[in-house]
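Q: Structure below; questions to follow.
Protein chains: 2
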Amino acid sequence: MVSVLSTSQRLHENLARLIADSAPGERLPSEPELARRMSVSRATLREAMRAFETQGMIYRRQGSGTYVTHPTQVIDSGLEVLQSIETLARHIGLPVSLGELHIDPRTPTEEEAQALNIELESGVICVRRVIMAQDHSAAYLVDTLPEDVLSPKALEVDFTGSVLDLLLKQGNPPLASSRCEINAVTASVDVARAMHIQRGDVLLRFVAYLYAGNGRVVDYSYSYFLPGYFRFHVVRRV
Amino acid sequence: MVSVLSTSQRLHENLARLIADSAPGERLPSEPELARRMSVSRATLREAMRAFETQGMIYRRQGSGTYVTHPTQVIDSGLEVLQSIETLARHIGLPVSLGELHIDPRTPTEEEAQALNIELESGVICVRRVIMAQDHSAAYLVDTLPEDVLSPKALEVDFTGSVLDLLLKQGNPPLASSRCEINAVTASVDVARAMHIQRGDVLLRFVAYLYAGNGRVVDYSYSYFLPGYFRFHVVRRV
DNA sequence: CAGATGTCAATTGTCAGACAATTGACATCT
DNA sequence: AGATGTCAATTGTCTGACAATTGACATCTG
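If you're matching them up, the sequences are chains A and F in order. The letter at position 199 of the first sequence is residue 199 when you use our numbering, and the numbering goes up by one with no holes. The letter at position 152 of the second sequence is residue 390 when you use our numbering, and the numbering goes up by one with no holes.
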């Protein structure tokens, strides 16, 4: 069975490439021309264009044409796209490995029960691990999930260090978005012990809720980052 | 002359309201039905739908229907929307005031010249100020702009503490997006002095490039935040 | 000559109608 | 009970057309 991309997907990729290859301010070919070139109807093309327009990559002016804005967004996506630390590290060329790993099935704390919107008596799986870079601990990640979301079996078989990648690969439940709160903190006693750093060292902390398509919270996580290893950024738009 | 909204704009607003008023997971009326109700063609409607789809507010399934995801994105926008600290503070109900303010016309440092992509001999305006909350300094913001972007006159007249708001109000040049890098740092000597805190205190730091529509960098800024006053978050999507 | 005005081709915005592909519920058969 | 066929509903895509706007050029006018 050959994996065939749908018309939309092909079109989207082709357009993305075209836009990425264009200089800022450059005018794209006209819609009839593009539709011919991409072998789709103008209506379908326009819908795809609208997608790029809402992302601020192009703007259209009636009577004049379609123009690309600066391609910052294309070559450079930030925190606003949901991807794991491992995927992010791979993109920036930082070799990372999985350090100490703990997988605890247990009952949730009051905070976790509230965050995940579950009963105190129900079960959760808590995944704690250290991410190593250049033989030093660079991050400490703690994920808490309802036990029915992720089977312990899947965790044993092919856990590479990323709960997010596992959930994405599993495909069920379908993930929608994540709300990530950003703080600067000093290392607490247990975080310092896990990362082998001094208590009081400065850390970047993310507290995140991961939402499934139906609105359910499927993962509540704390992530601690030692400055210098990762570079996080956000693209902000008007 | 009456200001009339274009068909697209009306449609967009109506759809936004409809989606916002829907419960998570709810199915929207069919496309032909919606097109009739909004008095537009199905093609136009679909283009607007695509806009909301790329924003993750709805998803469409062929043969089944169009569904709204949870309205997190609607009620809760984060760092990914470009707005000033003052606007953000107003939204969360934190009363802030402008503390010590310095406006320096000077020549750029090497770092600034490179960031703004200008000559070392050209002029820049450097705006430094402290943001106060509850009688304590909560943030320290340093903006550097090419001198032709912002007239010193505008700064004198109605500067409320936000360079971004001033540029948005001025409308020229039109702003497109901002790239904001996120770090956790300890206070350096001069930052500590400006904020009246201890050297070595933990701070959240943003380093941001503000882009105009033509791709030019119009503002290069450092922002330091004392933990506890502001809450920053990002909505991340697949 | 400078500025206003008209003309026109190119381009995006919108429309109507049609058919294809998929889904989900229901009925039917084994 | 489970597999299979049927069918209406819904989104995906296509075609061709016309309206509205833009920008360049020619033309008129004081």
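All residues carry an ideal CB built from backbone N, CA and C; glycine is no exception. Values in this document were obtained by computation on a predicted structure and should not be read as measured data.
(1) For Leu405 of chain F, count neighbouring C-beta atoms within 10 Å of its own C-beta (all shown protein chains included) and say buried if the count is 16 or more, exposed if not.
(2) Below 8 Å between beta carbons is the criterion; list the residues of the region 275–298 of chain F that meet it against any residue of chain A, in chain order.
(3) Could you work out which residue in F:Leu464, F:Val476, F:Thr245 is closest to Ala376 of chain F when comparing CA atoms only?
(4) Using a Cβ-Cβ cutoff of less than 6 Å, which residues in the same chain neighbour Pro346 of chain F once the five nearest sequence positions on both sides are dropped?
(5) So what does DSSP say about Asn252 of chain F, is it helix, strand or coil?
(6) At the level of alpha carbons, what is the spacing between Pro105 of chain A and Thr144 of chain A?
(7) Spatial neighbours of Tyr211 of chain A within its chain, please: CB distance less than 8 Å, with the 5 preceding and 5 following residues excluded, ordered by chain position.
(8) According to DSSP, is Leu203 of chain A part of a helix, a strand, or is it coil?
(9) Quick one: is Glu349 of chain F buried, meaning 16 or more other Cβ sit within 10 Å of its Cβ, or exposed?
(10) Just checking: is the beta-carbon of Thr7 of chain A within a distance shorter than 8 Å of some beta-carbon in chain F?
(11) Would you kindly work out how many angstroms separate the C-alpha atoms of Gln352 of chain F and Val380 of chain F, rounded to a whole number?
(12) Under DSSP, the alpha helix (DSSP H) around Leu82 of chain A begins and ends at which residues?
(13) Could you tell me which residues DSSP pairs with Ala184 of chain A in its beta bridges?
(14) Using a Cβ-Cβ cut-off of 8 Å, state whether Ser241 of chain F counts as contacting chain A.
(15) According to DSSP, Ala261 of chain F sits in a beta bridge with which residue or residues?
(16) So, at 6 Å on beta carbons, what are the nonlocal neighbours of Glu181 of chain A in its own chain, with the 5 sequence-adjacent residues on each side left out?
(17) I'd like to know if Glu80 of chain A contacts chain F, where contact means its C-beta is closer than 8 Å to some C-beta of that chain.
(18) When DSSP builds the beta bridges, which residues end up paired with His102 of chain A?
(19) Provide the residue span of the beta strand (DSSP E) that contains Leu145 of chain A, from first to last.
(20) Scan the region 167–182 of chain A for residues whose Cβ lies nearer than 8 Å to a Cβ of chain F and list them as they occur along the chain.
(21) Which residues bound the alpha helix (DSSP H) around Val306 of chain F?
(22) Kindly say whether Thr424 of chain F, judged by its beta-carbon, lies nearer than 8 Å to any beta-carbon of chain A.
(23) Say the cut is 7 Å; is the CB of Leu15 of chain A nearer than that to a heavy atom of the ligand GDP?
(24) Tell me, please, which residues DSSP counts as bridged to Pro270 of chain F.
(25) Does Pro32 of chain A get closer than 8 Å to chain F when you measure Cβ to Cβ?
(26) Closer than 7 Å between beta carbons: that is the criterion. Which residues of the region 195–212 of chain A meet it against chain F?
A: Taking the coordinates as given:
(1) Counted from its first residue, the second sequence places residue 405 of chain F at position 167. Buried, by the Cβ-count rule.
(2) Ala281, Arg284, Glu285, Ala286, Arg288, Ala289, Glu291, Thr292, Gln293, Gly294, Tyr297
(3) The residue given as residue 376 of chain F occupies position 138 in the second sequence. For the residues F:Leu464, F:Val476, F:Thr245, the minimum Cα distance to Ala376 of chain F belongs to F:Leu464.
(4) Here residue 346 of chain F is taken as the residue at index 108 of the second sequence, counted from 1. Here the set comprises Val362.
(5) Residue mapping note: residue 252 of chain F aligns to position 14 of the second sequence, counting from 1. DSSP places Asn252 of chain F in helix when its eight states are reduced to three.
(6) Looking up residue 105 of chain A in the first sequence gives position 105. Looking up residue 144 of chain A in the first sequence gives position 144. So the two alpha carbons sit approximately 10 Å from each other.
(7) Sequence index remark: in the first sequence, residue 211 of chain A carries index 211 (1-based). The answer, listed in chain order, is Leu175, Ala176, Ser177, Ser178, Arg179, Val217, Val218.
(8) Sequence index remark: in the first sequence, residue 203 of chain A carries index 203 (1-based). Strand at Leu203 of chain A.
(9) Numbered from its first residue, the second sequence carries residue 349 of chain F at position 111. Flag for Glu349 of chain F reads exposed.
(10) Counting from 1 along the first sequence, the entry for residue 7 of chain A is found at position 7. Between Thr7 of chain A and chain F, the shortest Cβ-Cβ separation is not below 8 Å.
(11) For the purposes of this step, residue 352 of chain F is identified with residue 114 of the second sequence, where counting begins at 1. For the purposes of this step, residue 380 of chain F is identified with residue 142 of the second sequence, where counting begins at 1. Roughly 17 Å separates the two Cα atoms.
(12) In the first sequence, the residue the question calls residue 82 of chain A occupies position 82. Segment: none, Leu82 of chain A is in no alpha helix (DSSP H) and carries neither H nor E.
(13) Locating residue 184 of chain A in the first sequence gives position 184, counting from the first residue. Paired residue(s): A:Leu204.
(14) As a working note, residue 241 of chain F is residue 3 in the second sequence. With a pLDDT of 44 at Ser241 of chain F, under the threshold of 50, the modelled position of this residue cannot be trusted; read the value that follows with caution. No, Ser241 of chain F does not count as interfacial toward chain A.
(15) Within the second sequence, the letter at position 23 stands for residue 261 of chain F. According to DSSP, Ala261 of chain F bridges with nothing at all.
(16) For this step, residue 181 of chain A is matched to residue 181 along the first sequence. If you ignore the 5 residues before and after Glu181 of chain A, its C-beta comes within less than 6 Å of the C-beta of Val207, all in its own chain and listed in chain order.
(17) Taking the first sequence and counting its residues from 1, one reaches residue 80 of chain A at position 80. So yes, Glu80 of chain A belongs to the interface.
(18) For the purposes of this step, residue 102 of chain A is taken as residue 102 along the first sequence, with counting starting at 1. According to DSSP, which records beta bridges pairwise, His102 of chain A is partnered with A:Arg128.
(19) Position 145 of the first sequence, counting from 1, holds the residue named residue 145 of chain A. Here the beta strand (DSSP E) through Leu145 of chain A covers 136–146.
(20) Leu168, Leu175, Ala176, Ser177, Ser178, Arg179, Cys180, Glu181, Ile182
(21) Residue 306 of chain F sits at position 68 when you count from the first residue of the second sequence. First-last for Val306 of chain F: 303–306, but that is the beta strand (DSSP E), not the alpha helix (DSSP H).
(22) The sequence position of residue 424 of chain F within the second sequence is 186, counting from 1. For Thr424 of chain F, the nearest CB of chain A lies under 8 Å from its own CB, placing it at the interface with that chain.
(23) For the structure depicted, the ligand GDP is absent and the ligand set is empty, with no information on it obtainable.
(24) As a first step, residue 270 of chain F must be located in the second sequence, where it is residue number 32. In DSSP, Pro270 of chain F forms no bridge with anything.
(25) For the purposes of this step, residue 32 of chain A is identified with residue 32 of the first sequence, where counting begins at 1. No, its Cβ sits nowhere closer than 8 Å to a Cβ of chain F.
(26) Val202, Leu203, Leu204, Tyr211
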